[in-house]
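See structure below.
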Amino acid sequence: MAKPIYFYGIHAVQAILQNRGIDGLALFIQDGKQNKTDEAVENIINLAKQYGISVQFSAKDKLTKLAESPQHQGVVLQARPSDVQDENDLKLLIDKYQSEQKSLLLLILDQITDPNNLGACLRTAVAMGVSAVIIPKNHSSSITPAVAKVAVGATEYMPFIQVTNLARTINEIKKQGVFVYGTALDDTAKSVQDCDLTGDVAIVMGSEGDGIRRLTADSCDQLVYVPMTGNEHGFIQSLNVSVATGMVLYEVSRQRFK
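Our numbering numbers the first residue of the sequence shown as 1191 and each following residue consecutively.
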């Protein structure tokens, strides 16, 4: 069984309690935050009590120490981490979407090691209706409390899948009929606006510095780029991955719901 960890932040803690409160072990509230005027904190306390989770009121410094961050917003939850899904779960997910004739949208994140970027990508993914997020077990941040905080609870509302070999996984989902677009500044890349994103598709995003790995890129069906019309002088060669992810996913949403 995975070792319990300390999650923090109002939205992240509330999402855990709403979706898997049984995994909560102890709730720590900053002294003074338990007044009736703070409805969000009061709701968190009530959720914890429903699951029989002990509620302790402590000084701000103690919460900072538990969370290993001052950004806890006066709320820290000791809880078991959620179960991370794998390649078998991904195959079943794709089969389920196809059997129900629902459009599938996968977000594949290659080499996103910054927790802030990963958290921001997950938050955007939930907002844009992504079916699941896929990352490699190595060369990537995992769902840490910092990621959960930045994602404001999004990690609890969507499957999160870790795979051993990303290129192999891409080839497997292609066999299931998923068309894979990889973002890259490459001579063969097409503008994302010129691509058909309405079917079962996967979008591969890479780190701001290195982009997606060559083996990953070679496994994609088509490479795409985000056109930057205001960059005629060439000062901006790439965007922050969370920003670029939002732009690509918005284009998917625009095409699907126009």
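For glycine and all other residues, C-beta sits at the position ideal for the given N, C-alpha and C.
For Ala1230, the CB contacts under 6 angstroms within the same chain, skipping 5 residues up- and downstream, are Ile1200 in chain order. Cβ contact annotation for Ala1205 (same chain, cutoff 6 angstroms, sequence separation greater than five): Gly1343 and Glu1346, in chain order. Around Gln1220, the same chain offers Lys1250, Leu1253 and Gly1264 as residues with beta carbons nearer than 6 angstroms, after the five sequence neighbours per side are excluded. Ser1432 sits in a helix when the DSSP states are folded into three classes. In the structure shown, Gly1211 adopts helical secondary structure according to DSSP, grouped into three states.
Within its own chain, the residues whose Cβ lies closer than 6 angstroms to the Cβ of Ile1243, once the five positions on either side in sequence are excluded, are Gly1214 and Leu1217, listed in chain order. Just so you know, the alpha carbons of Thr1388 and Val1442 end up roughly 7 angstroms apart.
Going by DSSP, Gly1372 is part of the beta strand (DSSP E) stretching over Phe1369 to Thr1373. Three or more Cβ pairs drawn from the segment 1356–1366 and the segment 1397–1414 lie within less than 8 angstroms of each other, which places the two stretches in contact. Buried is the label assigned to Arg1313, since at least 16 other Cβ atoms lie within 10 Å of its Cβ.
Going by beta carbons, Pro1305 and Ser1331 fall inside the 8 angstroms limit.
In this structure Thr1373 touches Tyr1415 by the C-beta definition: roughly 6 angstroms separates them, less than 8 angstroms. Assignment of beta-bridge partners to Ile1219 by DSSP yields Phe1247 and Val1265. Boundaries for Ala1379: no beta strand (DSSP E) harbours it, and the DSSP string shows neither H nor E there. Ranked by Cα distance from Pro1194, the options Pro1260, Arg1446, Val1266 and Ser1259 are led by Val1266.
Using a 10 angstroms sphere on the CB of Pro1335, the tally of other CB atoms reaches 16 or more, which defines it as buried.
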